[in-house]
RNA sequence: UCCUCGGUAGCUCAGUGGCAGAGCAGUUGACUGUUAAUCAAUUGGUCGUAGGUUCGAAUCCUACCCGGGGAGCCA
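Numbering (this note's numbering), first residue to last: 17 to 514.
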């Protein structure tokens, strides 16, 4: 048995491929069967002269996603997907599939999500999962080569701590338990045992967020390092992200191509240092004339675009009545595109004034909203590291800036191209008295944190860490517009099946 | 929870008060190199649900259900 991605090594040999029919076309004496086997796509040509009537007819019954074994000669042909095709000598049918719901045409999100278990077979979804795998592997490679130990934090936790987010509550033998929202506190304990550790697992948030950036169950990798300060933490985050992007660029030209990902900015991310700005600088930038002009230009561009596509719509609608059939199809397609674009542009036009307002009136001390992040990152080509946030909007365990008590030694990494926050982290407070004070200030029950406070009793050291969201990272690197396509079976508001 | 857009054939959509439509998929046939093949024929409908207005409702009104995008919150 040979896999499609190995075909280049078997030119002119007879091999057997096992897989599923991705698409097929037929004429009187030829069937073109596009086969997928999980490693790639290959067009198989079944010719009446080569295989005889019986096999030829059987091959004609194959429908989308039927399972088959096809033997034949590997022939280089640039016309074919992947550069090689198979001239069949034999076709063994395992099962002729029933009518497959996902056709090679467009489908809506709801339908595709209902059929997620099948959608995973489609090219773009396949490519995204291949990249996800490489990202996860690169994460392990990076930390392992840097001397980190992977340790796992528990998924059930006894406390709904950290205060802010809503957690999933479960019954744990008549006791309340919560699904973890972060492994970080445990990570700190493990770092005190091993120096440098990382956790990698699912996390859960019961927030009713319905956006392209949110899942209720998502994967997060969280390194935690003893004796690291904020600067070391930022250096690590930067080289970590760069390593991941490089790994994907090295291995996945084909997949990024399938995803139609423009890799210009990813290449910049792999090569250029990231911008680092403080929260205070970011606020100044938001309120700057530059930002205002940027948004005004954007608004003007959108208005012009709206005018011109609406004109085009009118014109092709007039043409539609008298058009020939093929042109009608072309027009229908274009009308669909225009409607979708109009929706998008109109939404932008509703949003831009709000964004402008939000940016211009931003007050020091608030946390950035989604639009503020978008506006900030629009002005950079690579990820931006934003550091030293107002302590009030950040978690209790973050260490304050010794040079300005109002600031926490926090860092966020904002991905470019509108993908938003992919990393959040900080240097941690190591002084037990200060930490106790913070717990009290946040109205958190101190007894639940007794084990956490112990870490500051017995050899407390400066330490830092951060968390990187896998799905947002996959979305950014793949250029996907929604995190639901970055995980095999996304869990989100209103979606528990399949 | 709030704002906003939507729900019409298996799928994607058009149809804004007067006979329920198209493309694709399916089915039947034609075609020796197709790339979402093409061409011809053909099957397919509880217009999200319930009520209301009207001579007449997919279309107008009300309520509800479901989905998309966004706010808040966050990775």
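C-beta: ideal position from N, C-alpha, C; glycine also.
Terminal residues of the alpha helix (DSSP H) in which residue i lies
i	result
residue 203	200-210
residue 39	Run containing residue 39: none in the alpha helix (DSSP H); it sits in the beta strand (DSSP E), 30-43.
residue 278	Premise fails: residue 278 is in no alpha helix (DSSP H) and is neither H nor E.
residue 67	64-76
N- and C-terminal bounds of the beta strand (DSSP E) containing residue i
i	result
residue 433	That residue, residue 433, is in no beta strand (DSSP E); it is neither H nor E in DSSP.
residue 125	Careful: residue 125 lies outside any beta strand (DSSP E), inside the alpha helix (DSSP H) at 125-130.
residue 97	Per DSSP, residue 97 belongs to no beta strand (DSSP E) and is neither H nor E.
residue 242	233-242
residue 194	191-195
residue 186	185-188
Simplified DSSP assignment, three categories, for residue i
i	result
residue 419	coil
residue 213	strand
residue 106	strand
residue 169	coil
residue 297	helix
residue 51	strand
residue 476	coil
residue 250	helix
residue 116	coil
residue 461	coil
residue 160	helix
residue 136	coil
residue 141	helix
residue 407	helix
residue 483	strand
residue 503	coil
residue 302	helix
residue 17	coil
residue 287	helix
residue 174	coil
residue 82	coil
residue 258	helix
residue 440	strand
residue 395	coil
Selection from the options that minimises the alpha carbon distance to residue i
i	options	result
residue 511	125, 38 and 489	125
residue 73	382, 468 and 43	43
residue 222	51, 231, 292 and 162	231
residue 212	200, 36 and 265	200
residue 121	454, 64, 92 and 80	80
residue 493	34, 77, 240 and 262	262
residue 57	68, 97, 83 and 75	97
residue 255	362, 276 and 400	400
residue 27	54, 101 and 83	101
residue 105	316, 60, 495 and 119	60
residue 471	21, 452, 461 and 482	452
residue 88	82, 424, 108 and 69	108
residue 275	148, 442 and 450	148
residue 461	140, 174, 376 and 294	174
residue 309	357, 282, 369 and 267	369
Bridge-paired residues (DSSP) for residue i
i	result
residue 382	380
residue 89	30 and 103
residue 498	None, per the DSSP bridge assignment.
residue 61	48 and 103
residue 219	234
residue 314	Answer is none; residue 314 lacks a bridge partner.
residue 56	DSSP output for residue 56 lists no bridge partner at all.
residue 400	291 and 430
residue 24	According to DSSP, residue 24 bridges with nothing at all.
Residue i burial status per 10 Å Cβ neighbour count (16 or more: buried)
i	result
residue 41	exposed
residue 188	exposed
residue 154	buried
residue 280	exposed
residue 249	buried
residue 142	buried
residue 324	exposed
residue 129	buried
residue 272	buried
residue 439	buried
residue 65	exposed
residue 45	exposed
residue 463	exposed
residue 229	buried
residue 198	buried
Closer than 8 angstroms: residue i CB and nearest the ligand NAD heavy atom
i	result
residue 439	Judged by which ligands are present, the structure shown has none, so any question about the ligand NAD falls away.
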